[in-house]
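Participant:
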Amino acid sequence: MAEDERPDGEDADIVELPFGVIPEEEEAAIVLPEDPELRAALEEVSAALGVDASDADAEVDTDVETNADADAEDEAEADSDAETDSEVNVGADFTHDDYRDATTEAYAGLADMVREADEADDVEQSMSVQIPGLGSGVVGFDDITQDTPAAPEEAPDEFDEEILAEIEARRARRRTLQQRMATGLGLVGIVALAVYFGAVWFVALVGLITFLAAGEFYAASRKSGYNPVAGIGLLGVVGAFVASWYLGAAGIAVAAVITLLVLILFYVVNERRNPLANLGVTALGLLWVGSTMAFLAPITRADGWEQLAGLIVLSVAGHDVGAFFVGRQFGSHLLAPQLSPKKTIEGLVGGIALGFGMAIGLSYLPWFSDVIDLQLALVAGAVVAVVAPLGDLSESLVKRSLETKDMGTLLPGHGGVLDRIDGFIFAIPAFFLAFTLLGLLP
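Taking our numbering, I'd label the letters of the sequence shown as residues -17 to 424.
1) Using DSSP bridges, identify the partner residues of residue 316.
2) Quick check on residue 371: buried or exposed, where buried means 16 or more other Cβ atoms within 10 Å of its Cβ?
3) Name the one or two DSSP bridge partners that residue 180 has.
4) Which word fits residue 408, buried or exposed, when buried means at least 16 other C-beta atoms lie within 10 angstroms of its C-beta?
5) Closest by CA to residue 219, which one among 404, 267, 259?
6) Measure the Cβ-Cβ separation of residue 426 and residue 405 and say whether it is below 8 Å.
7) Is it buried or exposed, residue 401, if we count other Cβ atoms within 10 angstroms and call 16 or more buried?
8) Between residue 423 and the rest of its own chain, which residues show a CB-CB distance below 6 Å, the 5 nearest in sequence each way excluded?
9) Relative to the C-alpha of residue 263, which candidate in 290, 222, 215 has its C-alpha closest?
10) Can you say whether residue 158 is buried or exposed, counting buried as having 16 or more other CB atoms within 10 angstroms of its CB?
11) Residue 342 to residue 410, Cα distance in whole Å?
12) Below 8 Å on the Cβ atoms is my contact criterion, and I expect residue 271 with residue 196 to pass it. Report the Cβ-Cβ distance as a whole number of Å.
13) When the Cβ atoms of the segment 178 to 198 are set against those of the segment 219 to 232, are three or more pairs found closer than 8 Å?
14) Any C-beta of chain D sitting closer than 8 Å to the C-beta of residue 309?
15) Could you name the residues of the same chain whose beta carbon sits closer than 8 Å to that of residue 318, not counting the 5 residues immediately before and after it, in chain order?
16) Going by DSSP in three states, residue 397 sits in which element: helix, strand or coil?
17) With residue 381 as the anchor, note down where its alpha helix (DSSP H) starts and where it stops.
18) Could you tell me whether the Cβ atoms of residue 184 and residue 299 are closer together than 8 Å?
19) Figure out for me which residue from 392, 282, 175 has the closest Cα to the Cα of residue 198.
20) Can you look up residue 353 in the DSSP assignment and give me helix, strand or coil?
21) Starting from residue 228 and walking both ways along the alpha helix (DSSP H), at which residues does that stretch end?
22) Classify residue 301 as buried or exposed, calling it buried when 16 or more other Cβ atoms lie within 10 Å of its own Cβ.
23) In terms of residue numbering, what span does the alpha helix (DSSP H) encompassing residue 411 cover?
24) Classify residue 246: buried if its beta carbon has 16 or more other beta carbons within 10 angstroms, exposed otherwise.
25) If residue 276 sits next to residue 240, beta carbons under 8 Å apart, how far is it from one beta carbon to the other, in whole angstroms?
26) Comparing C-alpha positions only, which one of 170, 174, 178, 202 sits nearest to residue 388?
27) List the endpoints of the continuous alpha helix (DSSP H) containing residue 286.
28) Can you tell me whether DSSP reads residue 233 as helix, strand or coil?
29) What is the DSSP secondary structure of residue 343, counted as helix, strand or coil?
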């Protein structure tokens, strides 16, 4: 590379730059020109080389004065030489290789830093990360463990809560359905066993069921603010079954009249609040539940009463099953919205269809067909189609008036006993009348 002379005439080492050469001794000195633009450019070069620009100004002044004394005859030429010496000399002999090999102090330590980092030993460390769906944990090496705080539980999304509630509701309905089916099959088995043992056992079983149902009605009435005389009402229920067993249908009327007279006498002797309302609730339990169910006792006097009892029980049960499943699956039009939000027209149609189907099916089965023919089966289907829904609706009316959902909790999946036998309340008196008109009863 070419050599330049410093203003004082001393030889100087040369610092190679990508764009020229600058003399260097122990510390580089830069001669700054008077031109502002060149001065600013060389200040940037000075900063890159690590030279203090303020010191450079002092050196420039000293060098210029020395040059002026030594060569005063040609001041213009001396100034030009000083300018030439201080400026960056873009040598004509600067080649591409020089540019490639050149460097500055700004990058002097970069290669050493890279080499030291490459030769340094790696230190293995564990890393705690959050993995969606897995919570927090330590990802790293088998011999390194690190406790990390558990990720805070996020509040459940409202949409997720709705899904969970729907899933739980479906599970609850499934459990209720299973309980309902198990309870229904159990009741049918008990009734069949009572029929097998004889009429007295069958009537006693129905009487016990009716007694429990009337008790549920009186208990629900008390919870709603009424004060019925439950003892007299329940005695009237028992009297209705006993009288109908010995006296037939006339015995039911006798028992009802006697019970009403006792009730009136009770309220005459004992001063009670709201006697008319409470007397009416007590009489309703006797007449609506007890007296209607007691009509089953006279039916047991007929020949083939076992088949007739089976026809009543199975056809009404078929109606209830059809109404429940069809209404549950396809119900969309409410039958009586002012009484029940669950009873639908579709359920009513399904109940009528299955009630008819059950009665007609029994007429073709052995043992049943000995007593039940197609004509009787059609009559039974018509009776069930008309009066069984009325029994359901009447209980809905009572429950709505008493502001209660179920009459009891004795039967899993069904609620109370009265909730299970409501379809029989008007069906049994209607069957008694139909059998009498057909000449099946003595």
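Glycine included, each C-beta is placed from N, C-alpha and C at the ideal position.
Facilitator: Taking the structure as given:
1) Residue mapping note: residue 316 aligns to position 334 of the sequence shown, counting from 1. Residue 316 is bridged to 326.
2) Numbered from 1 along the sequence shown, position 389 holds the residue referred to as residue 371. That one is buried.
3) One-based indexing of the sequence shown puts residue 180 at position 198. None; residue 180 has no bridge partner.
4) Numbered from its first residue, the sequence shown carries residue 408 at position 426. Buried, since its Cβ has 16 or more Cβ neighbours within 10 Å.
5) Within the sequence shown, residue 219 is the residue found at index 237, counting from 1. Per the Cα distances, 267.
6) Lying outside -17 to 424, the shown extent of the chain, residue 426 is not represented and no answer is given.
7) On the sequence shown, position 419 is the one that residue 401 refers to. Counting Cβ neighbours within 10 Å, residue 401 comes out buried, since at least 16 surround it.
8) The residue you call residue 423 lines up with position 441 of the sequence shown. So the list reads 284, 417, once near-sequence residues are dropped.
9) Reading the sequence shown from its first residue, position 281 is the one you call residue 263. Looking at the Cα atoms, 215 is the closest of the given residues.
10) Indexing the sequence shown from 1 puts residue 158 at position 176. Residue 158 should be labelled exposed.
11) Counting from 1 along the sequence shown, the entry for residue 342 is found at position 360. Counting from 1 along the sequence shown, the entry for residue 410 is found at position 428. For residue 342 and residue 410, the distance between alpha carbons rounds to 18 Å.
12) For the purposes of this step, residue 271 is identified with residue 289 of the sequence shown, where counting begins at 1. For the purposes of this step, residue 196 is identified with residue 214 of the sequence shown, where counting begins at 1. Right, their Cβ atoms sit about 5 Å apart.
13) yes
14) Looking for chain D here will not work: only one protein chain is present.
15) In the sequence shown, residue 318 corresponds to position 336, counting from 1. Closer than 8 Å at the Cβ level, and outside the excluded window around residue 318, lie 325, 375, 378.
16) Within the sequence shown, numbered from 1, the residue matching residue 397 stands at position 415. Strand.
17) Along the sequence shown, read from residue 1 onward, the residue named residue 381 stands at position 399. For residue 381, the uninterrupted alpha helix (DSSP H) run begins and ends at 356 to 384, by DSSP.
18) Here the question's residue 184 lines up with position 202 in the sequence shown. Here the question's residue 299 lines up with position 317 in the sequence shown. For residue 184 and residue 299, no; Cβs fall outside 8 Å.
19) Your numbering for residue 198 matches position 216 in the sequence shown. The candidate whose alpha carbon is nearest that of residue 198 is 392.
20) Residue 353 sits at position 371 when you count from the first residue of the sequence shown. Coil.
21) For the purposes of this step, residue 228 is taken as the residue at position 246 of the sequence shown. Unbroken alpha helix (DSSP H) run through residue 228: 212 to 229.
22) What you label residue 301 is simply residue 319 of the sequence shown in a count that begins at 1. Residue 301 comes out buried.
23) Mapped onto the sequence shown, residue 411 falls at position 429. Per DSSP, residue 411 belongs to the alpha helix (DSSP H) from 409 to 419.
24) Counting from one through the sequence shown, the residue named residue 246 turns up at place 264. Result: exposed.
25) Taking the first residue of the sequence shown as 1, we reach residue 276 at position 294. Taking the first residue of the sequence shown as 1, we reach residue 240 at position 258. Not a contact, Cβ separation roughly 14 Å.
26) In the sequence shown, counting from the first residue as 1, residue 388 sits at position 406. Comparing Cα-Cα distances from residue 388 to each of 170, 174, 178, 202, the minimum goes to 202.
27) On the sequence shown, residue 286 is found 304 positions in, with the first residue counted as 1. Under the DSSP assignment, residue 286 falls outside any alpha helix (DSSP H); it carries neither an H nor an E label.
28) Here residue 233 corresponds to residue number 251 of the sequence shown, with the count starting at 1. Helix, per DSSP.
29) As a working mapping, residue 343 is identified with position 361 in the sequence shown. DSSP places residue 343 in helix when its eight states are reduced to three.
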